[in-house]
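Residue numbers (the working numbering): 1 to 149. Think of the CB as a built atom: it goes at the ideal place given N, C-alpha and C, for glycine as much as any other residue.
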Amino acid sequence: MNVEHRRSERIADFLPLEVHVVDQKDDQVLAGPFSGRIIDISAHGACLLMTQIMHNDFHVFYSTRDVDNAVLRLTIDHPPDINPCTLIALPVWMDIFRQQEIRAFKMGVEFTEDPEQNQMREMRAALRNNQEQRGNWWQRHCRILEKKG
Numbered sequence: 001m002n003v004e005h006r007r008s009e010r011i012a013d014f015l016p017l018e019v020h021v022v023d024q025k026d027d028q029v030l031a032g033p034f035s036g037r038i039i040d041i042s043a044h045g046a047c048l049l050m051t052q053i054m055h056n057d058f059h060v061f062y063s064t065r066d067v068d069n070a071v072l073r074l075t076i077d078h079p080p081d082i083n084p085c086t087l088i089a090l091p092v093w094m095d096i097f098r099q100q101e102i103r104a105f106k107m108g109v110e111f112t113e114d115p116e117q118n119q120m121r122e123m124r125a126a127l128r129n130n131q132e133q134r135g136n137w138w139q140r141h142c143r144i145l146e147k148k149g
């Protein structure tokens with residue numbers, strides 16, 4: 001039996017985003033942009049799906065963890081019902097994602113900002129609107145891919 005240890009509710013979605021690795025002290029971009037999707041999100045973190053994890057010699061997971069003051073700047077600006085927002089996070093875990101010929105990487109991130117910050121509250125509220133429909137679409141398409149395999 002799996003016991004749920006997450007601090008907050010996860011919302012399944014498929015949000016396009018752009019990821020930059022930046023130096024938190026001077027906001028200098030160290031690597032990126034990397035494109036990806038948020039496939040689930042909570043007040044404290046998210047699971048990202050990314051096809052690219054290297055930029056030159058910079059690895060978005062390992063290098064970010066190894067470089068002092070490096071953080072991930074996640075920019076979400078595509079869905080019409082969500083205002084553009086930027087979230088700051090740290091990578092926590094990474095795994096390979098495989099479904100048939102699809103090869104990508106899943107990366108868990110933890111947000112460094114207060115989960116009750118206005119931007120975070122607004123984004124979670126926007127995601128809850130029509131979330132069931134968007135989440136069901138994503139889950140249905142994942143099952144279709146699994147059945148084809």
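Would you check if there are 3 or more beta carbon pairs closer than 8 Å linking the stretch 67-78 to the stretch 20-40? Taking 8 Å as the limit for Cβ pairs, the verdict is that the stretch 20-40 does touch the stretch 67-78.
In terms of residues, what are the limits of the alpha helix (DSSP H) holding Asp66? Tyr62 to Asp66
Where does Lys147 land, buried or exposed, given buried means 16+ other C-beta within 10 angstroms? With a pLDDT of 48 at Lys147, under the threshold of 50, the modelled position of this residue cannot be trusted, and the question is left open.
Suppose contacts are defined by Cβ-Cβ distances below 8 Å. Is Lys106 in contact with Asp114 by that definition? no
Beta-carbon within less than 6 Å of Ala46's beta-carbon, same chain only, minus the 5 sequence neighbours each way: which residues are those? Ile38 and Val109
Going straight from the alpha carbon of Ala104 to that of Leu30, what length do you get? 22 Å
With 16 other CB atoms within 10 Å as the buried threshold, where does Pro91 fall? Pro91 comes out buried.
Go to Pro84, then tell me how far its beta strand (DSSP E) extends in each direction, as first and last residue. No beta strand (DSSP E) contains Pro84, which DSSP labels as neither H nor E.
For a test of the three-state rule: what should DSSP assign to Glu101, helix, strand or coil? coil
Mind checking Glu101: buried by the 16 CB within 10 Å criterion, or exposed? exposed
Spatial distance of His42 from Phe34 (CA atoms): For the record, residue 42 in the displayed sequence is Ser; it is not His. Rounded to the nearest angstrom, the two C-alpha atoms are 21 Å apart.
Outcome for Arg98 when other beta-carbon atoms lying within 10 angstroms are tallied against a minimum of 16: With fewer than 16 neighbouring CB atoms inside 10 Å of its own CB, Arg98 falls in the exposed class.
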